[in-house]
Structure formats: C-alpha cells, structure tokens
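Per our numbering, the sequence shown runs over residues 9 to 252.
Step one of this worksheet: look at the structure below.
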Amino acid sequence: MKLDIQALCHKGMVRDNNEDAVSVGGLIVRDDSAALTVTTPEEGWFYLLVSDGMGGHEKGEEASEYTLTQIREAFESGRIGPETFEEDLRRVVADTSSALNERAYAEGQTHPMGCTLTGVIWHYGRIYLVNAGDSRTYRFREGILRQLTQDETERGITGDPSASKYLLNCIGAGCEGRLVIDYLDGKLLPGDSLLICSDGLTDMVPEETVEAALEGGSSAADLLSMACEAGGADNVSVILASVS
C-alpha cells in the first residue's frame, strides 16, 4: 500500500508548550512537520500514531514522547511478533502506562502524567487500528468522513454539552493503559485518506467542516490553520495519509 503522508504537530494559539507528539514510522515530530511517501511493507512494520499529553496533568509532553519511544523500541527490537501482535502490543502499552505511573508517584506528582494514543499500524501484511483515549482516527472516502475510533470519555453532567469532559482510559495518569485494537484489513481502498488527530483539531473544528475541507482538497496544514483560526485552544496534531 502506497501512502502520501503529511504530518504536523503545533502548540496552538493558547498553550505555552506542546504536549502532543506524532510518530511516522518511528520518526517523532513535535513543533515541526513532515511530508513523505512510503510503501508499507509486507514483511515488516510501519505506523502512523498521534499521542496527546494530557492537559491539566504534569509533564504531559514527556508522557506522549515516552509512549511513542517505547512503541518504537518494541518494534525495532522485534518484541512485537507477527503471530502475537495484539498480545505483544497491549503488553508494551500496559508496561508503558505502569512505568509512567511509577515515575509520577516517585516524583510526587499531584496530577500524574499521562497521554492518549491513536493511529494505524501496518504489520506483516495486516492493518490494525489502535486507540486509547479521545484522540481520533478517521477514514475519508468519496466525500464522507467517518470516525473509526470511539472516544473513551464521559461528561461531568449528563446532557450538558458545556460540562467538562473526562477521560475513561489513557496511558499513565493512574490508568492501566488498556489498548483497543481493531482490524482495518480490506477497509482501506485506493483513493481513501486517513486523518489521525488530537482533539486540538476536533474540539475547534466541527466534523462537517473538516469533511468539506477534505472534499475541497485541503492539506494537513490547512486543517491546522482552521483550528488556529477557531481559537487554537489546545495543541494540534494532524496526520493526513492518502492511499494512492
């Protein structure tokens, strides 16, 4: 599968620092952008991942980068096998979550560090969707934007759209780091695009607006500009990958 990839990670217009991180096949991007074309291997691995360090918690930027680094090292060392992919990756994420929790406890953090994770992994001929938290992965096909992941959140007051949003699952922050894994085999076709993003985009720009922008040929940089023009209240990470 050939992918034309645009990736960027920006602090937005309000936050003083950037707690998001993006990984393109192991290349970690923060406060930067990357553009490349790759062919996913039949015998090997490649992935597109976004990790959002949790706002209101301490050292979210370290949690997101540590998580992506641990995943990269697991793939590079061969600790994630083709026959035991789900079990191995879940173990890596759970171990990462435990390590972040232990570090937060040792440092006496009042609001322990944590992050979300979402994205797509190509591994020995199979395609996997992974998610923990409320960052999102979408598929754009023939003018229709469809969310593939499910937000693991709840509102503080049921039915009140202005109520605070609480994460029910994440990596670190006192959670066990439960990774949701699904298959995308046969669900990506030539002409499709993947949009993988933090909530810095989706909280600022309505889905129907993103959908119309993609239909009009907008780039990842265009989506970032839309989020910033809408207020840019959070860090913004966007990966846009077109299947060619």
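Quick reminder that beta carbons are idealized off the backbone N, C-alpha and C, glycines included.
Practice item. State yes or no: is the C-beta of residue 7 within less than 8 Å of the C-beta of residue 15? Key: Because the chain spans 9 through 252 in this model, residue 7 falls outside it and cannot be assessed.
Check your understanding: According to the neighbour-count rule (16 or more other Cβ atoms, all chains shown, within 10 Å of its Cβ), is residue 20 buried or exposed?
Key -> Taking the first residue of the sequence shown as position 1, residue 20 is located at position 12. Buried, since its Cβ has 16 or more Cβ neighbours within 10 Å.
Check your understanding: Comparing alpha-carbon positions, which option in 243, 41, 226, 187 lies nearest residue 250?
Key -> Against the sequence shown, residue 250 aligns to sequence position 242. Looking at the Cα atoms, 226 is the closest of the given residues.
Check your understanding: With 16 as the cutoff for other CB atoms within 10 Å, does residue 39 come out buried or exposed?
Key -> The residue labelled residue 39 in the question sits at position 31 within the sequence shown. Exposed.
Exercise for review: Assuming residue 132 and residue 192 form a contact by the criterion Cβ under 8 Å, report the distance between their Cβ atoms to the nearest whole angstrom.
Suggested key: For the purposes of this step, residue 132 is taken as the residue at position 124 of the sequence shown. For the purposes of this step, residue 192 is taken as the residue at position 184 of the sequence shown. Actually they are not in contact, since the Cβ atoms of residue 132 and residue 192 sit about 14 Å apart, beyond 8 Å.
Check your understanding: Which residues share a DSSP beta bridge with residue 163?
Key -> Sequence index remark: in the sequence shown, residue 163 carries index 155 (1-based). Paired residue(s): 173.
Check your understanding: Would DSSP call residue 199 helix, strand or coil?
Key -> Here residue 199 refers to the residue found at position 191 of the sequence shown. In the structure shown, residue 199 sits in coil (DSSP, three-state: anything other than H, G, I, E or B).
Practice item. Could you tell me whether the Cβ atoms of residue 76 and residue 29 are closer together than 8 Å? Key: As a working mapping, residue 76 is identified with position 68 in the sequence shown. As a working mapping, residue 29 is identified with position 21 in the sequence shown. In this structure, residue 29 lies closer than 8 Å to residue 76 by Cβ.
Practice item. Determine, using beta carbons only, whether residue 10 and residue 252 come nearer to each other than 8 Å. Key: By one-based count along the sequence shown, residue 10 stands at place 2. By one-based count along the sequence shown, residue 252 stands at place 244. Contact: yes.
Exercise for review: State buried or exposed for residue 170, treating a residue as buried only when at least 16 other CB atoms are found within 10 Å of its CB.
Suggested key: On the sequence shown, position 162 is the one that residue 170 refers to. Note that residue 170 has pLDDT 49, beneath the 50 cutoff, so the model's placement of it is unreliable and no number is given.
Exercise for review: For residue 41, I'd like the list of residues in its chain whose CB is within less than 7 Å of its CB, leaving aside the five on either flank, ordered along the chain.
Suggested key: For the purposes of this step, residue 41 is taken as residue 33 along the sequence shown, with counting starting at 1. If we look at residue 41 and ignore the five residues flanking it on each side, its Cβ neighbours are 15, 16.
Practice item. Kindly indicate the opening and closing residues of the beta strand (DSSP E) around residue 30. Key: To locate residue 30, count along the sequence shown from 1; it is residue 22. First-last of the beta strand (DSSP E) with residue 30: 28-32.
Review point. What is the rounded straight-line gap between the Cα of residue 206 and the Cα of residue 12?
Key: As a first step, residue 206 must be located in the sequence shown, where it is residue number 198. As a first step, residue 12 must be located in the sequence shown, where it is residue number 4. So the two alpha carbons sit approximately 20 Å from each other.
Practice item. Under 8 Å by Cβ, that's how I've got residue 124 and residue 142 pegged, so tell me the actual separation to the nearest angstrom. Key: Here residue 124 corresponds to residue number 116 of the sequence shown, with the count starting at 1. Here residue 142 corresponds to residue number 134 of the sequence shown, with the count starting at 1. That pair is a contact at about 6 Å.
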